[in-house]
Amino acid sequence: MSAIAALIGAVASLLWPLLVIVVLLVFGGQLLAKLRHSDDVTLEIGGQRLSIRQAADQQADMISDLQLEVASLKRRLDATAPPVTEPVTPAAELATPDPGPDDTPWGSGDWQAPPPARRVSPATPSHSILWVDDHPENNAMLAETWRRDGVPVDTALSTDDALRLLGERSYALIISDLGRVESGAVVPDAGLRLLTQVRTFDPVTPFVLYGNTGPYADDARAAGVTLVTRSTFDLVEYVSQLGLITTGA
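Using the working numbering, the first residue of the sequence shown is number 4, and each one after it goes up by one.
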């Protein structure tokens, strides 16, 4: 009887996972659609709360931006690639035997040792990023990715918050949106105003205006902005060029 009871218990313990699998198979599409369009179910990413919809939209935007950049790169490569021709080997070269390993002196030939891979030093305040946006949840996934790569990312909701943090520590990069709500009022050029103030005491720290800058792009360049872009790909590439993150091992 004890063996039968144990068997019944084992079978019963498998029923719940099996039931869950059946429910997912039958109703999985409906459940995912419900979660996708629901603002009640939230995720916490990097201290920011995102709905399933917001997280999916951010992921889709990054994938779409990457696809556009890859397509653009492919077009440029196709336009500049030389025509493929069969190499012609001279007859004299065909008649000359290849030298053996002992016939080639050390140091000859065109081969060069590859340069050592660049190493990024452990994250310090000078390797930190300040990201200014009154809706930090819009950048939560990218910011958290950088944090997992060992790059501290501080967020500021306003110009005042950003200036306070800049007075307390140094940053390797400042990222700001353009328009945001400041002290309850909409300021369409808040990022440009922050840039202008920063450049009065810090002319060298890279400053990126990220997002739709509209008619303010030229003013931002005149004020000393480093990069104006709405492309996630361009932003990630620039952060990599600064040596804050690496794209490979």
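Ideal placement from N, C-alpha and C gives every residue a C-beta, glycine not left out.
Exposure label - residue i; buried when at least 16 CB within 10 Å
| i | result |
| --- | --- |
| valine 228 | buried |
| leucine 80 | exposed |
| threonine 203 | exposed |
| aspartate 163 | exposed |
| valine 239 | buried |
| valine 189 | exposed |
| threonine 83 | exposed |
| alanine 225 | exposed |
| glycine 246 | exposed |
| glycine 187 | exposed |
| glycine 214 | buried |
Cβ neighbours of residue i in the same chain (closer than 7 angstroms, five flanking residues each side left out)
| i | result |
| --- | --- |
| tyrosine 174 | Ser131, Ile132, Leu133 and Thr208 |
| asparagine 263 | An answer regarding residue 263 cannot be provided, because it is not within the stretch 4 to 252 covered by the chain. |
| serine 253 | Since the first and last residues shown for the chain are 4 and 252, residue 253 lies out of range. |
| alanine 218 | This sequence places proline at residue 218; alanine is not what is there. Nothing listed; no residue qualifies. |
| arginine 151 | none |
Own chain partners of residue i with C-beta closer than 6 angstroms, once the 5 adjacent residues on each side are dropped
| i | result |
| --- | --- |
| arginine 183 | Asp137 and Ala193 |
| valine 135 | Ala159, Ala165 and Ser179 |
| phenylalanine 210 | Ile177, Leu198, Val228 and Thr229 |
| aspartate 237 | none |
| tyrosine 241 | Leu230 |
Rounded Cβ spacing between residue i and residue j (contact assumed at less than 8 angstroms)
| i | j | result |
| --- | --- | --- |
| serine 161 | glutamate 185 | 5 angstroms |
| leucine 145 | leucine 181 | Not quite, the Cβ-Cβ distance comes to about 17 angstroms (not below 8 angstroms), so this is no contact. |
| valine 201 | leucine 169 | 7 angstroms |
Short CB-CB distance (under 8 angstroms) between residue i and chain B
| i | result |
| --- | --- |
| alanine 146 | Any reference to chain B falls outside this structure, which holds one protein chain only. |
Sequence-distant residues of its chain with Cβ nearer than 8 angstroms to residue i (five each side left out)
| i | result |
| --- | --- |
| valine 231 | Val211, Leu212, Thr216, Ala220, Ala223 and Arg224 |
| arginine 196 | Thr162 and Val190 |
| tryptophan 149 | Ile132, Val156, Val242, Leu247 and Ile248 |
| aspartate 205 | Leu169 |
Restricting to runs no shorter than 4 residues, where is the alpha helix (DSSP H) found entirely within the region 162-224? 162-171 and 193-204
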